Every structure is written in structure tokens, then in C-alpha cells.
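Chemist:
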Amino acid sequence: MRVVMGIIFMFHGIAKFQMGMTNVEAWFSSIGIPRFMAYIVALLELVGGIMLIAGLFTRYVSALFVVMLMGAILTAKLSAGLLGNAQMAGYELDLGFMMVSLYLAVADRSPFSLDRIIMAGKASQKGWFK
Numbered sequence: 233m234r235v236v237m238g239i240i241f242m243f244h245g246i247a248k249f250q251m252g253m254t255n256v257e258a259w260f261s262s263i264g265i266p267r268f269m270a271y272i273v274a275l276l277e278l279v280g281g282i283m284l285i286a287g288l289f290t291r292y293v294s295a296l297f298v299v300m301l302m303g304a305i306l307t308a309k310l311s312a313g314l315l316g317n318a319q320m321a322g323y324e325l326d327l328g329f330m331m332v333s334l335y336l337a338v339a340d341r342s343p344f345s346l347d348r349i350i351m352a353g354k355a356s357q358k359g360w361f362k
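Residue numbers (my numbering): 233 to 362.
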């Protein structure tokens, strides 16, 4: 699940850069989101997606994705409804991605992740403050 989410977000980030950030900025501006957020979202999707694929800082990246997706729903998709309308897709997919991201933010680390490898040494230490 983590790897698939990472691939999806990575390709969304790549797509934003390929279509030209000027176009992404203009679209963000047209829906009332500050232009600079286009860069933050594109970088989060690209770098965060790669980090999810690798299983690096999964909980933090996933929490950022929850915030980003909540923002997308509230600013761009909510008015179209859950399933959308004739002009725009709904927010059902964003809601699903947000729930998967929330799960990844609170779930145990995968044995096939850099998080598990990095934390293996720390987990062997006893006590909270060592």
C-alpha cells in the first residue's frame, strides 16, 4: 500500500513539473490558492512519493499528505460533491488517498522500509529517553 501510494504521488508531482509550473500556478490561482503553493505541492508529491516508496519517514510524509489532501478537498473539490459534477471530478479519490495516508501515518513500520532499518538500532535501546 505504501509503495503504491508513493508511486501515485510521485507521478502526480512529475506531471505537475512536466505540464509547466506556470500552468500549475495559474490553476492554483484560479481556485483561490496562492501561486507559491503550486511548488510546495509539486515538491511534496514528488519527493514525498519517493520517500514513501523507500519507506523513509513514512509517518511524517503521510501526515503531510493528509494535510495536503484535506486542503485539496476543502479548496478545490468540495463544491463538486463527493462524486463530482459535469465540470469537475469529486473528492472521493482524494478522500480515499487521505484515509490511506492517515493509516500509513499511524501504522507499524513495514519490515521492507528504510524506517525499519534506521529505527532498528534505536528500538534496541531501553527506555524512552536514551
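For glycine and all other residues, C-beta sits at the position ideal for the given N, C-alpha and C. This one's a predicted model, so the numbers in the text were calculated from it and none came from an experiment.
Hey, quick one: how far does the alpha helix (DSSP H) through A247 stretch, first residue to last?
Modeler: R234 to Q250
Chemist: Would the beta-carbon of A308 fall within 8 Å of that of I349?
Modeler: no
Chemist: Entirely within the region 319-352 and at least 4 residues each: give me those alpha helix (DSSP H) ranges in chain order.
Modeler: 324-338
Chemist: If you compare alpha carbons, which of L325, E277 and A321 is closest to F243?
Modeler: E277
Chemist: In chain order, what residues of the same chain have a beta carbon less than 8 Å from the beta carbon of D347, not counting five sequence neighbours either side?
Modeler: Contacts found: G287, L288, F289, T290, R291 and R341.
Chemist: Using 8 Å as the cut-off, can you tell me whether the region 329-339 makes contact with the region 300-316, which would need three or more C-beta pairs spanning the two stretches below that distance?
Modeler: yes
Chemist: What are the boundary residues of the alpha helix (DSSP H) that includes R291?
Modeler: T290 to A304
Chemist: Please go through the same chain and pick out, in chain order, the residues whose beta-carbon is closer than 8 Å to the beta-carbon of M233, but skip the five residues on each side of it.
Modeler: V332, Y335 and L336
Chemist: Is DSSP giving N255 helix, strand or coil here?
Modeler: helix
Chemist: Could you pull the start and end residues of the alpha helix (DSSP H) that A286 belongs to?
Modeler: Counted as a single uninterrupted DSSP element, the alpha helix (DSSP H) harbouring A286 occupies residues M269 to A286.
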